[in-house]
Amino acid sequence: MTAAIELVNVTKRFGRRTAVADLTLRVPVGEVFGLLGHNGAGKSTAIGMMLGQIWPTAGQVRVHGWDVTTHRARALARVGAIFETPAFYDYLSGWRNLEIFSSYTAPVSRQRLAEVLDWVGLTGREHSAVRTYSHGMRARLALAQALLPEPDLLILDEPAEGLDPEGIHELRQMLRRLHRDMGLTLLVSSHQLGEMEQLCTRIAILRQGRKVYDGPWDRMGTNEGRIRLEVSPFEQAVAGLQAAGLVREGGRDSEGGWVTPAPGVGTEQLARWLVQAGFALHELRRPRQTLEEFYLSLIQPAREGSEERRPMASARAEGGVVA
Amino acid sequence: MRFLIHLRSELWKLFGKKRTYIGFGMFLVAQNAMLLAFRFTRWQQDMERLLEGNGYLAQEFISALTVAVVMLIPQILLLMPLYTTLVGGDLVAKEVEDGTLRMILARPISRLRLLAVKWLAGALFALALVLVLGATALLCARLWFPWKGMFVFAPGQAFAVLSSEVGLQRYLLAQVFLAVNAVTMLSLAFLFSCFNMKPAAATILALSYLFVNLVLESIPFFDRYEVWLLPHHFRCWLRVFDTPIPWWEILQSQFVLLGAVATAFVVGAVGFQMRDFKS
Numbered sequence: 001m002t003a004a005i006e007l008v009n010v011t012k013r014f015g016r017r018t019a020v021a022d023l024t025l026r027v028p029v030g031e032v033f034g035l036l037g038h039n040g041a042g043k044s045t046a047i048g049m050m051l052g053q054i055w056p057t058a059g060q061v062r063v064h065g066w067d068v069t070t071h072r073a074r075a076l077a078r079v080g081a082i083f084e085t086p087a088f089y090d091y092l093s094g095w096r097n098l099e100i101f102s103s104y105t106a107p108v109s110r111q112r113l114a115e116v117l118d119w120v121g122l123t124g125r126e127h128s129a130v131r132t133y134s135h136g137m138r139a140r141l142a143l144a145q146a147l148l149p150e151p152d153l154l155i156l157d158e159p160a161e162g163l164d165p166e167g168i169h170e171l172r173q174m175l176r177r178l179h180r181d182m183g184l185t186l187l188v189s190s191h192q193l194g195e196m197e198q199l200c201t202r203i204a205i206l207r208q209g210r211k212v213y214d215g216p217w218d219r220m221g222t223n224e225g226r227i228r229l230e231v232s233p234f235e236q237a238v239a240g241l242q243a244a245g246l247v248r249e250g251g252r253d254s255e256g257g258w259v260t261p262a263p264g265v266g267t268e269q270l271a272r273w274l275v276q277a278g279f280a281l282h283e284l285r286r287p288r289q290t291l292e293e294f295y296l297s298l299i300q301p302a303r304e305g306s307e308e309r310r311p312m313a314s315a316r317a318e319g320g321v322v323a
Numbered sequence: 001m002r003f004l005i006h007l008r009s010e011l012w013k014l015f016g017k018k019r020t021y022i023g024f025g026m027f028l029v030a031q032n033a034m035l036l037a038f039r040f041t042r043w044q045q046d047m048e049r050l051l052e053g054n055g056y057l058a059q060e061f062i063s064a065l066t067v068a069v070v071m072l073i074p075q076i077l078l079l080m081p082l083y084t085t086l087v088g089g090d091l092v093a094k095e096v097e098d099g100t101l102r103m104i105l106a107r108p109i110s111r112l113r114l115l116a117v118k119w120l121a122g123a124l125f126a127l128a129l130v131l132v133l134g135a136t137a138l139l140c141a142r143l144w145f146p147w148k149g150m151f152v153f154a155p156g157q158a159f160a161v162l163s164s165e166v167g168l169q170r171y172l173l174a175q176v177f178l179a180v181n182a183v184t185m186l187s188l189a190f191l192f193s194c195f196n197m198k199p200a201a202a203t204i205l206a207l208s209y210l211f212v213n214l215v216l217e218s219i220p221f222f223d224r225y226e227v228w229l230l231p232h233h234f235r236c237w238l239r240v241f242d243t244p245i246p247w248w249e250i251l252q253s254q255f256v257l258l259g260a261v262a263t264a265f266v267v268g269a270v271g272f273q274m275r276d277f278k279s
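Chains E and Z are the protein sequences, given in the same order.
For the first sequence, the working numbering assigns the number 1 to the initial residue and increments by one for each residue that follows.
For the second sequence, the working numbering assigns the number 1 to the initial residue and increments by one for each residue that follows.
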């Protein structure tokens with residue numbers, strides 16, 4: 001199956017600085033793909049190369065199977081894009097802006113323009129000058145212009161930057177609708193890990209221009225360390241579990257009780273033992289690893305200059321590739 | 001068809017901006033200021049003395065056509081380069097600065113096509129500027145001066161006395177060559193605008209280039225090299241008032257100017273094509 005986006009051994013150097021180094025990336029059709037990384041990690045450069053705005057120094061960039069460098073028009077025919085700070089002709093109306101931007105792909109009918117404006121909730125303000133729009137309205141106009149070519153693929157570079165929490169929520173809902181209702185493939189680059197966690201089905205993490213992880217997020221592993229446990233009475237239950245050789249240690253922290261299970265012991269064995277021993281079991285769960293935890297496990301070691309710490313083993317086991 | 005739609009978009013952008021109209025407004029202000037000066041200073045007496053000293057009936061040639069040309073000369077020398085390079089410098093660099101170019105370049109339009117429609121929109125602006133300048137100069141002059149014969153005098157460059165009919169024809173013909181001048185000036189700023197610089201820098205570089213040409217030309221030693229300098233060719237519009245019209249010299253100048261325009265576009269296009277556009 002043709003990937004929506006494919007980067008093969010792509011390198012980009014600006015003078016002596018390498019912004020992206022030997023990056024190979026595949027965004028499958030139908031995914032919500034997150035591109036993560038610190039400032040200067042190479043995310044925007046990678047997106048620039050996908051859109052033919054930045055020429056790669058080496059390697060190949062293909063969109064919908066077409067090489068962007070040599071067949072830019074075909075590659076981008078069904079691509080919409082939104083950037084960190086949506087830029088418009090502020091002195092023109094929203095409607096006129098959409099007419100201008102869409103004309104560079106293909107002219108659209110007035111009906112289609114009205115439909116898209118309605119979809120993003122700008123009906124009634126379309127003939128006002130863009131300089132009178134709020135930040136949220138500009139973000140919606142940016143989405144409208146990206147949707148006008150009726151894209152299969154939407155590329156979003158830091159789309160939530162500068163939006164208030166309500167705007168971020170609104171944007172997330174819109175992107176979900178686009179993925180669910182229209183079947184769009186989305187490539188989203190963002191710093192907002194919480195947002196990415198809720199939105200993405202697959203992620204790639206860049207660090208200093210190199211890919212350090214590429215794989216599915218929804219199947220990414222749970223935290224293999226502590227298990228959250230709420231049981232009464234807590235101390236006796238932990239002592240019993242230790243005596244039975246099921247846990248190595250236990251205790252309480254700000255989030256409540258926890259235990260570290262012995263190797264090979266699962267939550268179902270702990271639950272069975274606690275119930276059979278007559279303890280009142282209120283909660284027993286293996287906390288899911290957050291994207292932030294996973295991201296920091298990859299990014300922080302290098303930043304601190306310490307020896308690189310490998311992310312959770314389960315992430316690799318579930319199909320992700322840690323470089 | 002698609003090219004015309006792209007051109008329409010560029011024209012919407014260009015003529016939607018207030019700063020595009022600065023040139024038109026300033027030409028009107030300058031013309032009215034000059035007309036007041038002509039009307040209420042010793043200019044008329046000086047002009048009459050000059051005509052009568054050459055054996056002409058002065059009253060027959062102090063006319064709207066004469067005043068229109070007198071007004072055009074300083075405006076073309078000083079104001080036209082300023083306003084054409086202002087717009088030319090904005091064409092690409094302002095869009096890069098504002099971030100709108102990045103939005104456009106996310107679309108499946110080739111860079112060469114984009115640049116071609118931008119340049120064409122700029123050229124249409126330059127054409128409009130010249131037409132408005134020529135028309136308003138004549139109309140404003142007609143409000144204050146009678147419709148009679150035409151007298152053209154530019155020290156060392158032109159001395160012509162023409163009937164009103166011939167004068168009007170030559171005046172209209174001069175607008176064609178003035179339009180080429182304006183497009184050339186705009187193309188110079190457009191060339192710099194295609195490279196990585198601020199719009200003001202593109203405008204200043206183009207103006208500097210033109211003024212350096214002008215300065216070099218005014219140095220006696222460079223007289224023999226004047227054909228290599230653009231201002232020499234810019235002045236060919238004044239030659240249309242000569243009798244007979246020196247067509248070959250005018251055409252030579254037009255070829256040089258069109259060559260400069262083509263060179264500016266090609267060099268700009270190569271620079272633009274090679275650039276990376278990043279936020």
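Each residue gets a CB set at the ideal place from its N, CA and C atoms; glycine is no exception.
Just so it is clear, the structure is predicted and the values come from calculations on it, not from any experiment.
Check                                                                                                                         : Outcome
Identified DSSP bridge partners for Z/Asp-276                                                                                 : Looking at the DSSP assignment, Z/Asp-276 forms no beta bridge with any residue, so it has no partner.
Contact set between Z/Ile-22 and chain E, taken where Cβ atoms lie within less than 7 Å                                       : Near Z/Ile-22 there are no residues of chain E at all, since even the closest Cβ is about 14 Å away, more than 7 Å.
Exposure of Z/Lys-18, with buried meaning 16 or more beta-carbon neighbours within 10 Å                                       : exposed
E/Glu-292 burial status per 10 Å Cβ neighbour count (16 or more: buried)                                                      : exposed
Candidates E/Leu-122, E/Thr-85, E/Ala-77, E/Arg-78: closest to E/Leu-98 by CA position                                        : E/Leu-122
Residue burial classification, E/Ser-134 (beta-carbon count within 10 angstroms, cutoff 16)                                   : exposed
Which of helix, strand or coil DSSP assigns to E/Ser-357                                                                      : A question about residue 357 of chain E goes unanswered here, because the residues of chain E that appear run from 1 up to 323.
Cβ neighbour criterion (16 or more within 10 Å) applied to Z/Tyr-225                                                          : exposed
Status (buried if at least 16 other CB within 10 Å, exposed otherwise) for E/Arg-309                                          : Legend: pLDDT at E/Arg-309 = 41, less than 50; position of this residue unreliable, value from coordinates given subsequently. The residue is exposed, with fewer than 16 neighbouring Cβ atoms inside 10 Å.
Given 8 Å, three or more beta-carbon pairs between the segment 139–159 of chain Z and the segment 51–64 of chain Z            : yes
Proximal chain Z residues relative to E/Glu-324, where beta-carbon distance stays under 8 Å                                   : The displayed coordinates of chain E run from 1 to 323. Any statement about residue 324 of chain E would go beyond what the structure contains.
Straight-line Cα distance separating E/Ala-46 from Z/Gly-121                                                                  : Correcting the residue identity first, residue 121 of chain Z is Ala in this sequence and not Gly. Going from the Cα of Z/Ala-121 to the Cα of E/Ala-46 covers about 32 Å.
Where Z/Asn-196 falls: helix, strand or coil (DSSP)                                                                           : coil
Rounded distance between the beta-carbons of Z/Thr-184 and Z/Val-261, thought under 8 Å                                       : 5 Å
Top-ranked residue by Cα proximity to Z/Gly-259, from Z/Val-130, Z/Asp-242, Z/Leu-230                                         : Z/Leu-230
8 Å contact criterion, which Z/Thr-243 and Z/Ala-154 should meet: CB distance rounded                                         : About 15 Å separates the two Cβ atoms, so there is no contact after all.
Through-space distance from Z/Ala-179 to Z/Leu-127, alpha-carbon basis                                                        : 5 Å
Interface residues of chain Z facing E/Phe-83 [CB-CB closer than 9 Å]                                                         : Gly-99, Arg-102, Met-103, Ala-106, Ser-279
Partners in chain Z for E/Leu-51, counting only beta-carbon separations shorter than 8 Å                                      : Leu-105, Ala-106
For E/Tyr-213, three-class secondary structure by DSSP                                                                        : strand
Cβ-Cβ separation, Z/Leu-133 to Z/Phe-15 (assumed contact under 8 Å), whole Å                                                  : Incorrect: roughly 17 Å between the Cβ atoms, too far for contact.
Cut-off 7 Å between Cβ atoms - residues of its own chain near E/Leu-175, not counting five sequence neighbours on either side : Leu-186, Leu-199
Residue range of the beta strand (DSSP E) that includes E/Ser-232                                                             : 227–232
Residue span of the alpha helix (DSSP H) that contains Z/Asn-32, given as start and end                                       : 22–40
Simplified DSSP state of Z/Val-130, which is helix, strand or coil                                                            : helix
CB contact flag (E/Arg-210, E/Ala-21, <8 Å)                                                                                   : yes
Buried or exposed (CB count within 10 angstroms, at least 16 for buried), Z/Lys-278                                           : exposed
is_contact[Z/Asp-276, chain E] using C-beta, thresh 8 Å                                                                       : yes
Z/Trp-43 beta carbon near the ligand SAM (any heavy atom closer than 7 Å)                                                     : The ligand SAM is not part of this structure, which contains no ligands at all.
Classification of E/Thr-2 by the beta-carbon crowding that lies within 10 angstroms, buried from 16 upward                    : exposed
Neighbourhood of E/Ala-146 by C-beta, 7 Å cutoff - its chain only, sequence neighbours within 5 removed                       : Gly-80, Ala-81, Ile-82, Leu-154
Three-state class that DSSP yields for E/Gly-37 in the structure shown                                                        : strand
Residue environment, E/Ala-114, which counts as buried when at least 16 other CB atoms sit within 10 Å                        : exposed
Contact with chain E by Z/Lys-13, beta-carbon distance below 8 Å                                                              : yes
Z/Met-274 burial status per 10 Å Cβ neighbour count (16 or more: buried)                                                      : exposed
Residue-level contact to chain E via CB, Z/His-232, 8 Å cutoff                                                                : no
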